[in-house]
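> Going by full-length UniProt numbering, 126 is the number at position 126 of the sequence shown; the sequence numbering is gapless.
Cβ coordinates follow ideal geometry from the N, Cα and C atoms, glycine included.
In this text, all values refer to a predicted model and were calculated from it rather than measured experimentally.
Got a structure here, written out as C-alpha cells. Questions coming.
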Amino acid sequence: MSTRASRSSSTPCQRKPTRRDDWPGYSLDLFTYPEHYHEDIESVYIPHGVIMNRIERLASYIMDDFEDNNIMVLCVLKGGYKFCADLVEFIKVLGRNSNKYLETRVEFIRLKSYLNDHSTEDLHIIGSRDLSILRGKVCAIVDTGKTMKALLKHVETFEPKMVKVAGLLVKRVPNMAERLTDYVGFEIPNRFVVGYALDYNEYFRDLNHICVISKTGKMKYKV
Ligand code: HPA
Ligand code: MG
Numbered sequence: 001m002s003t004r005a006s007r008s009s010s011t012p013c014q015r016k017p018t019r020r021d022d023w024p025g026y027s028l029d030l031f032t033y034p035e036h037y038h039e040d041i042e043s044v045y046i047p048h049g050v051i052m053n054r055i056e057r058l059a060s061y062i063m064d065d066f067e068d069n070n071i072m073v074l075c076v077l078k079g080g081y082k083f084c085a086d087l088v089e090f091i092k093v094l095g096r097n098s099n100k101y102l103e104t105r106v107e108f109i110r111l112k113s114y115l116n117d118h119s120t121e122d123l124h125i126i127g128s129r130d131l132s133i134l135r136g137k138v139c140a141i142v143d144t145g146k147t148m149k150a151l152l153k154h155v156e157t158f159e160p161k162m163v164k165v166a167g168l169l170v171k172r173v174p175n176m177a178e179r180l181t182d183y184v185g186f187e188i189p190n191r192f193v194v195g196y197a198l199d200y201n202e203y204f205r206d207l208n209h210i211c212v213i214s215k216t217g218k219m220k221y222k223v
C-alpha cells in the first residue's frame, strides 16, 4: 500500500478555527502570564484554554478515524512537545472513557529551521534516532505545522503502513502545509507567534498561551 495514498484516503475534511489576517489577538490584561514576559509580548493570540479544548477535539477525531489500536506517535521537537504531550494525554483519557483504547508509543525527532523569526531554507534533522521502528506501523506525526513536506519524505523512507499528520498551527502561505496535515488545530495568518513550546531563540517556550511577540521582546532576545 502506498503510504501517500493511505495518508489522504480516510480523514474527513474537517472544519477548523481560523484567525483572520486582521485579528490582533486579545489584550494582555485579559489573561495571566509569567511576569517576566510583561514587556516582551504584545497580545494573546490563542489562549491556553482554547488550545487545550481544540486538542481534545483533535484527539476525538483521531479516536474515530484509527482502526488500528496501536499507533506510533512521532513528536517533532522542540516546538511540538507540548502539543504532543497534551494530544497523547487526551487520547488516553478519551480511551479510558470509551471502550476503544488506542495504545500510543512516542518517538522523538528534532528539527531546526528558524533563526530569530526567519525561516531558513534548510531543514536540519538533528538528533534523529534510527526510525526503522516506524516500518509497517501506523504512525502519527505531531508537529506545530511547518517543515512538513521534508519531514514526510524522510519518514516515508522508513515505509510505515500509514502516516497521518497532526499540526497545531497551519499558516496561510502559498503552498500551505494544510494539504499535508490531516488534523489541523488552527489556521492562522503567516505571522510569527511564540508560546506553548514555540520559541524565539529558545525563549517563550514556557508561556502557556500562543502569543504575539513585541518589538521589545524581539530586540531583547535577538541573537
Ligand atoms: N514561532 C516559533 N517557531 C516557529 C514558528 C512560529 O511562528 N513557525 C515556525 N517555527
Ligand atoms: Mg524554534
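DSSP state of TYR37, grouped into three classes?
helix
> Do the stretch 191 to 206 and the stretch 78 to 94 make contact, defined as three or more Cβ pairs closer than 8 Å?
yes
> Is it the case that the CB of VAL223 approaches a heavy atom of the ligand HPA more closely than 7 Å?
No, the beta carbon of VAL223 sits no closer than 7 Å to any heavy atom of the ligand HPA.
> Rounded to whole angstroms, how far is the Cβ of ILE62 from the Cβ of TYR183, which I believe are closer than 8 Å?
Going by Cβ atoms, the distance from ILE62 to TYR183 rounds to 7 Å, so yes, they are a contact pair.
> Which first and last residues belong to the beta strand (DSSP E) in which TYR183 is found?
183 to 189
> What are the start and end residues of each continuous alpha helix (DSSP H) run of 4 or more residues lying completely inside the stretch 196 to 223, in chain order?
215 to 220
> Check whether the stretch 143 to 158 touches the stretch 50 to 70, taking contact to mean three or more Cβ pairs, one atom from each stretch, closer than 8 Å.
Cβ pair count under 8 Å is below three, so no.
> Going by beta carbon distance, what residues of the same chain come within less than 6 Å of THR18, once the five residues before and after it are set aside?
GLU187
> So for ARG110, helix, strand or coil by DSSP?
strand
> Heavy atom of the ligand MG less than 7 Å from the Cβ of ASP199, yes or no?
yes
> Between LYS100, LEU180 and ARG172, which has its C-alpha nearest ASP22's C-alpha?
ARG172
> Which two residues bound the contiguous beta strand (DSSP E) that contains ARG172?
162 to 172
> Flag this pair as yes or no: are the beta carbons of HIS209 and TYR37 separated by less than 8 Å?
Cβ atoms of HIS209 and TYR37: not closer than 8 Å.
> Is the beta carbon of MET72 less than 8 Å from the beta carbon of LYS137?
yes
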